[in-house]
Amino acid sequence: MLINHDLLNSYGGEIITFKTNDYIFQEQQIPKYYYQIISGHIKLNHLSEDGKELIQGIHSAGESVCELLLFIDEKYPVNAVAMSECAVMKVFKSDFIRMLEDHRHVSEDVHKYISYRLFEKFIMMQNLAAHSAETRIKGILQYFKNYTNDKSLYSYEIKLTRQQLASLSGLRVETVIRRLKKLEKEKFIKIENGKVYY
DNA sequence: ACATTAAGTGGTG
DNA sequence: CACCACTTAATGT
């Protein structure tokens, strides 16, 4: 995990729980807390004017969400939504900042974490900006498999719905479904009972 | 049995 | 591809 729970506790950290589809925070709100996921999954999304959802990222246990907003004076650019039942540790902004000042190594960990997230954004941007649907989908699949150690063929089960893959890639559901079937024929992925293995 | 959600198909622009 | 309409399968209450 990014930051030790005991340390967060000693700086006023408290645990709050969310049910599926609950908001941890919403777009345009002013960031006041540091959030670190204890269990469950949280997605960062944005709804376009016509109602289409763009998923900016999906985070799980041990990771923090939008901590970078605590270092600048801006409102949240995205919503944080619980994708399952979630337990989250939250720490007041001022206490969080004080903790970083008191613990240099923790501060470095946070720097690295933010840097890695930014690095990911570069990769994702390049994938989404000027590529075919097939390349976009492959990019998303690779992005999630990168978090696992097993790199062998079909070792990773994509635990996302076709719709979620669409919201991540900026494509429509139908396109995702059709492309996945094509990728299966090409032996790039395997599909069993609707589940995608990559 | 009825409602809901996700996967999948056809066809048009 | 996006968009629209619709069918099918699986779950849930």
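Here the working numbering is used: the first residue of the first sequence is 2, the next is one more, and so on.
Ideal Cβ positions, reconstructed from N, Cα and C, are used throughout, including at glycine.
All figures in this text were calculated on a predicted structure; none of them were measured in a lab.
Ignore the nearest five residues each way along the sequence and tell me which others in Ala-167's own chain have a CB closer than 8 Å to its CB. Counting from one through the first sequence, the residue named residue 167 turns up at place 166. Here the set comprises Arg-173, Val-174, Thr-176 and Val-177.
Using three-state DSSP, classify Ile-14 as helix, strand or coil. In the first sequence, counting from the first residue as 1, residue 14 sits at position 13. Here the sequence assigns Gly to residue 14, which means Ile is not the residue at that position. If DSSP states are grouped into helix, strand and coil, Gly-14 belongs with coil.
What does the Cβ neighbour count give for Met-126, buried or exposed, with the cut at 16 atoms within 10 Å? Locating residue 126 in the first sequence gives position 125, where the first residue counts as 1. Its Cβ having fewer than 16 others within 10 Å, Met-126 is exposed.
Who pairs with Asn-22 in a beta bridge, going by DSSP? Taking the first sequence and counting its residues from 1, the one referred to as residue 22 is at position 21. Paired residue(s): none; Asn-22 is not in a bridge.
Less than 8 Å between the beta carbons of Met-100 and Tyr-36, yes or no? Position 99 of the first sequence, counted from the first residue, corresponds to residue 100. Position 35 of the first sequence, counted from the first residue, corresponds to residue 36. Contact flag unset, no.
Could you give the first and the last residue of the continuous beta strand (DSSP E) run that contains Met-90? In the first sequence, residue 90 corresponds to position 89, counting from 1. Element bounds for Met-90: 87 to 93.
For Tyr-34, which option in Val-89, Glu-54 and Ala-83 has the closest C-alpha, if you only look at C-alpha atoms? As a position in the first sequence, residue 34 is number 33, starting the count at 1. Comparing Cα positions, the closest option is Val-89.
Nearest-angstrom Cα distance between Tyr-142 and Lys-53? Residue 142 sits at position 141 when you count from the first residue of the first sequence. Residue 53 sits at position 52 when you count from the first residue of the first sequence. According to the sequence provided, residue 142 is Leu. The question's Tyr does not apply to it. So the two alpha carbons sit approximately 21 Å from each other.
Nearest to Lys-91 by CA position, among Gly-58, His-6 and Asp-51, is which residue? The residue given as residue 91 occupies position 90 in the first sequence. With distances taken between Cα atoms, Lys-91 lies closest to His-6.
Quick check: what's the CA-CA separation for Phe-19 versus Gln-164? Numbered from 1 along the first sequence, position 18 holds the residue referred to as residue 19. Numbered from 1 along the first sequence, position 163 holds the residue referred to as residue 164. Near 22 Å, if we compare the C-alpha coordinates of Gln-164 and Phe-19.
Give me the residue from Val-79, Phe-72 and Gly-41 with the minimum Cα distance to Gln-57. Taking the first sequence and counting its residues from 1, one reaches residue 57 at position 56. Among Val-79, Phe-72 and Gly-41, the Cα nearest to that of Gln-57 is on Val-79.
Please report the residue range of the alpha helix (DSSP H) in which Val-82 lies. Here residue 82 refers to the residue found at position 81 of the first sequence. No alpha helix (DSSP H) holds Val-82; the beta strand (DSSP E) holding it covers 80 to 83.
Alpha helix (DSSP H) containing Tyr-144: first to last residue? As a working mapping, residue 144 is identified with position 143 in the first sequence. Element bounds for Tyr-144: 134 to 146.
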